[in-house]
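Each step along the sequence shown adds one to the number in this note's numbering, with nothing skipped, and position 21 is 22.
For every residue, glycine included, the Cβ atom is placed at its ideal position computed from N, Cα and C.
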Amino acid sequence: MTEPSIFTRILNGEIPGEFLARTDRVFAIRDIDPQAPLHVLIIPVTEQYRDVTELAAGEPALLAEMVAMAKQLAEEHANGEYRLIFNNGASAGQSVFHVHAHLLGDIEKGKLVGF
Ligand code: DGP
2 MTEPSIFTRI LNGEIPGEFL ARTDRVFAIR DIDPQAPLHV LIIPVTEQYR DVTELAAGEP
62 ALLAEMVAMA KQLAEEHANG EYRLIFNNGA SAGQSVFHVH AHLLGDIEKG KLVGF
């Protein structure tokens, strides 16, 4: 059996995390190394998809739930406008292979580059 991902361990309470939202299928925690005033990771409970390509092909409705949660959190915790970033593959910056979206909000003018 493979080890649970860091996100599953946070979901299970083994590692602390700041939860901003949680349903039975999707949860959201603040990123440990924020790149914007609001930087949240939107994560499906299932670990079965390693990146957004697999998720979109396998369960598009779950991807739509992640996007809906992102929009809701951007409205609750930022000005409602947001970036949603999926890193796909190590060379593209992915370090955790349990699909997740980076929600960035309240981005300062001129600070889009670099992430
Ligand atoms: P990526 O590089 O796209 O796979 O994003 C992984 C993100 O996960 C990265 O921005 C940092 C974040 N992260 C890693 N470990 C932890 C942790 O223990 N807690 C939290 N809240 N975030 C973490």
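Distance between residue j and residue i (C-alpha atoms, nearest Å)
i    : j    : result
P61  : G94  : 23 Å
F87  : K110 : 21 Å
A65  : V100 : 13 Å
R26  : A91  : 25 Å
A75  : F8   : 21 Å
I33  : E19  : 9 Å
K112 : L85  : 15 Å
Q117 : L12  : Since the displayed the chain opens at 2 and closes at 116, residue 117 lies outside it and no answer follows.
A57  : V68  : 12 Å
Nearest to residue i (by Cα), restricted to the options the options
i    : options            : result
Q155 : Y83, V46, G90, T47 : The structure shown does not extend to residue 155, since the chain is modelled only from 2 to 116, so the question has no answer here.
E5   : R51, F20, A22      : The residue you asked about is not Glu; residue 5 is Pro in the sequence shown. P5 has its Cα closest to that of R51, out of R51, F20, A22.
A29  : E55, T3, G59, H78  : H78
Cutoff 7 Å: residue i Cβ touching any chain E Cβ
i   : result
A69 : Looking for chain E here will not work: only one protein chain is present.
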